[in-house]
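Worksheet: the structure to be examined is printed underneath.
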Amino acid sequence: MSRRLMRMAGAWIVAAGLLAAGSSLVLAQAGAAEAQAGPTAPQDPAGEFVPVKSLPQQEQLPAAPLLVAAYAFVWMALLVYVWTIWRRLMKVEREVRELSSRVSEGAPRR
Amino acid sequence: MMAFFRVAALVMRKDLTVEVRSREILYTTIFFAVSCVLVFAFALVKEGRPLEDAAAGIMWISVAFSGTLALGRTFERERHAETLRALMLAPASRPALYVGKLLGIVLLLLVVEAVLVPLVGLLFHAPIANSPFRLMALLVLGTIGFSAVGTLFAAMLVRARSRDVMLPILLYPITIPVIIAGVRGTAALLEPVPAVELADMWMALLAFFDIVFVTLALWTFEPLMTE
Amino acid sequence: MAKVYPVLTLVAMALFAVAPAVVARTPVEATMGLVQKIFYYHVPAAMVMFIAASVCGVASAVYLFRARPGADRLAVAAAELTVVFGLIVLVTGPLWARKSWGVWWQWDARLTSTLLMWMIFVACLMVRRFGGAGAEKLSAAMALFGMANVPFVYISVNIWRTLHPTTAVIPKLPGGMRGPFWFCALSFMLLFGLLLALRVRLEERRAEVEELYLVADHD
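Residue numbers (my numbering), protein chains in the order written: chain A, 38 to 147; chain B, 23 to 249; chain C, 514 to 732.
Here you go:
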């Protein structure tokens, strides 16, 4: 049962990795399109709306890298976490196998 | 009900008696708190004078740091003499023991604050006499909140490994809201014209924290201390 | 029980595969623009963080008061997931805030209380690792305080005035955003359930190893 789980986890990781790469590309394309399409007015705590072009250069932050970074981080965090579980599970499975063989070896000698 | 308070009072009196004889923890904690204030005063100096708005923050940070030390030292003393196990063996209700220890710590910290607050007022030109009763209420409520969690964890950590570093790790994430409320309330009171409603709001929040923390601590003290 | 895992994993994978495409087609928000689309991962992750924290708290209470080892296993799994999903919230949030508010971080009620709650669960894991014997009970007590934080963090944004959007945003989501949002929320929760089961399984195997060690040494 646990071997099936490990294989499932592995398949999940590979598939998710491919999907992450693919979706990041999709989103980046969508982002590029949006950035060219219309002005995005950044929120001004004072309550005013300011057209994008009259802002100083450094405030015209492109949104797409932030969006892609956010989604990429989510995927990465989940993948890394699944990988750590898988790694620990493999270690424990190995210990179980070693101990089982040790116990079964010990028994007949008695 | 009366037995509960009698046990708590007994434990508190025991702690106070032990402390009054040596005054070790009291003196060292006061000295540490004063050093803390001085370190911050010198670190936050501008043109030869300490930052005046920093008084509230520095006061509470010093209370938090010296409180952590005092908690560690108090329970270290218990561990050394194995009196904690004796207390646990006594036929007294565990929550009452907890309340007794809590009152002892709170009293110790209040004495430290009695020294600290005038010093902070002096060094930072802070108008601590503006609303003295509200300031005292803030300090009492904040100290109770901080000590409630601290006593619980310090008692449990007596038997744990790396207990000295574990106490801050466990204590600070839980008690930082208490410190924040204390600092904001004190800052409101130390303004040239004290913002009394704001301070009252923070005081209400502190009271809320106190109720939640003491309730949780009373609830979990027994299973935590039982092996 | 074992037969349901492959099906659930496939469903979760499918949901996650579709999610970015679904999100790419959502309407762009008026004031915040493209970066608002982080919302579709940020808020479901926060929902899962709250659920995980609550599961950890309840399991810890059961462990403290009923001394059931299964409850402790569930508590450690839930604590780890609170830390993971909390990290997701605390990273995607600032990435959104950088564009939307102009700063990476604000010490307002919502952000501060979320960070503190996250740190409580990190401390839970640390005390289990470095606390020596009896650390599980300490971790359980911490988790109770952590769970007590959950309602406070949730309503903090309604009580205090912060830059962070209030909880009223979710019920008032416009139609084009509502579907994708709940789709993402569902996939995150399904993922949480799966990861929780997987992690608890790891703890159960570890417990089996302990048993085997006892048997092996006894010989």
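Using N, Cα and C, we set each Cβ at its ideal position, and we do this for glycine too.
Given the structure is predicted, the values throughout are model-derived calculations rather than measurements.
Could you tell me whether any Cβ in chain C is nearer than 9 Å to the Cβ of residue i?
| i | result |
| --- | --- |
| Phe54(B) | no |
| Val171(B) | yes |
| Leu179(B) | yes |
| Ala67(A) | With a pLDDT of 49 at Ala67(A), under the threshold of 50, the modelled position of that residue is not reliable, and no figure is offered here. |
| Arg183(B) | yes |
| Met24(B) | no |
| Thr90(B) | no |
| Pro195(B) | yes |
| Ile198(B) | yes |
| Val140(A) | yes |
Would you check if the distance between the CB atom of residue i and the CB atom of residue j is smaller than 9 Å?
| i | j | result |
| --- | --- | --- |
| Ile196(B) | Val162(B) | no |
| Met81(B) | Val139(B) | yes |
| Gly675(C) | Leu624(C) | Correcting the residue type first, residue 675(C) is Thr in the shown sequence and not Gly. Going by C-beta atoms, Thr675(C) is nearer than 9 Å to Leu624(C). |
| Ala729(C) | Val140(A) | yes |
| Phe590(C) | Leu709(C) | Strictly speaking, residue 590(C) in this sequence is Ala, with Phe absent from that position. Yes; because the gap between Cβ atoms is below 9 Å, this pair is in contact. |
| Phe696(C) | Val531(C) | yes |
| Leu657(C) | Ala592(C) | no |
| Asn662(C) | Ala588(C) | no |
| Val117(A) | Tyr554(C) | no |
| Ala159(B) | Ala78(B) | no |
| Leu240(B) | Val121(B) | yes |
| Ala221(B) | Arg116(B) | no |
| Trp617(C) | Met545(C) | no |
| Ile668(C) | Tyr108(A) | no |
| Thr242(B) | Leu193(B) | no |
| Ser88(B) | Ala55(B) | yes |
| Leu141(B) | Val85(B) | no |
| Ala119(B) | Leu111(B) | Note that residue 119(B) is Leu in the sequence shown here, rather than Ala. Not closer than 9 Å, so no. |
Any beta carbon from chain B within less than 9 Å of residue i's own beta carbon?
| i | result |
| --- | --- |
| Met562(C) | no |
| Ile633(C) | yes |
| Val640(C) | yes |
| Ala654(C) | yes |
| Leu577(C) | yes |
| Gly645(C) | yes |
| Leu657(C) | yes |
| Thr455(C) | Here chain C covers residues 514 to 732 and nothing more, so residue 455(C) does not appear. |
Exposed or buried, residue i, counting other C-beta atoms within 10 Å across all chains shown (16 or more means buried)?
| i | result |
| --- | --- |
| Phe27(B) | exposed |
| Leu75(B) | Note that residue 75(B) is Asp in the sequence shown here, rather than Leu. That one is exposed. |
| Ser184(B) | exposed |
| Gly570(C) | buried |
| Val635(C) | buried |
| Met178(B) | buried |
| Glu723(C) | exposed |
| Asp186(B) | exposed |
| Val42(B) | exposed |
| His731(C) | exposed |
| Ile736(C) | This structure cannot settle anything about residue 736(C), because the visible part of chain C is limited to 514 through 732. |
| Leu727(C) | exposed |
Measuring CA to CA, which of the options is closest to residue i?
| i | options | result |
| --- | --- | --- |
| Phe168(B) | Met158(B), His147(B), Gly204(B) | Gly204(B) |
| Glu250(B) | Leu132(B), Arg45(B), Arg181(B) | The structure shown does not extend to residue 250(B), since chain B is modelled only from 23 to 249, so the question has no answer here. |
| Val137(B) | Trp241(B), Phe230(B), Phe53(B), Arg43(B) | Phe53(B) |
| Thr40(B) | Ile233(B), Thr96(B), Ala118(B), Ala151(B) | One detail in the question is off: residue 40(B) reads as Val in this sequence, not Thr. The shortest C-alpha separation from Val40(B) is found at Thr96(B). |
| Leu715(C) | Tyr118(A), Val117(A), Leu126(A) | Leu126(A) |
| Val740(C) | Pro664(C), Asn662(C), Thr679(C) | Only positions 514 to 732 of chain C appear in the structure, and residue 740(C) is not among them; the question remains open. |
| Leu521(C) | Val713(C), Leu727(C), Leu703(C) | Leu703(C) |
| Val597(C) | Ala574(C), Trp620(C), Ala580(C), Ile564(C) | Ile564(C) |
| Pro214(B) | Phe243(B), Ser153(B), Ile198(B), Leu227(B) | Ser153(B) |
| Gly94(B) | Leu228(B), Pro199(B), Met188(B) | Met188(B) |
| Glu542(C) | Leu686(C), Ala648(C), Gly615(C), Trp631(C) | Leu686(C) |
| Ala646(C) | Arg206(B), Met247(B), Val56(B), Met34(B) | Met247(B) |
| Leu73(B) | Val236(B), Gly143(B), Gly164(B) | Gly143(B) |
| Lys612(C) | Phe529(C), Leu711(C), Gln549(C), Phe701(C) | Gln549(C) |
| Met526(C) | Arg719(C), Leu725(C), Leu699(C) | Leu699(C) |
| Lys650(C) | Asp585(C), Leu523(C), Leu594(C) | Asp585(C) |
Kindly say whether residue i, judged by its beta-carbon, lies nearer than 9 Å to any beta-carbon of chain A.
| i | result |
| --- | --- |
| Glu649(C) | no |
| Tyr667(C) | no |
| Ala699(C) | Here the sequence assigns Leu to residue 699(C), which means Ala is not the residue at that position. So, not an interface residue. |
| Leu628(C) | no |
| Pro664(C) | no |
| Leu600(C) | yes |
| Ala558(C) | yes |
| Ala681(C) | no |
| Gly546(C) | yes |
| Thr605(C) | yes |
| Trp620(C) | no |
Segment contact, 8 Å Cβ cut-off, at least three pairs: the region 582 to 602 of chain C with the region 546 to 561 of chain C: yes
Cβ contact (3+ pairs, closer than 8 Å) linking the region 124 to 135 of chain B and the region 41 to 51 of chain B: yes
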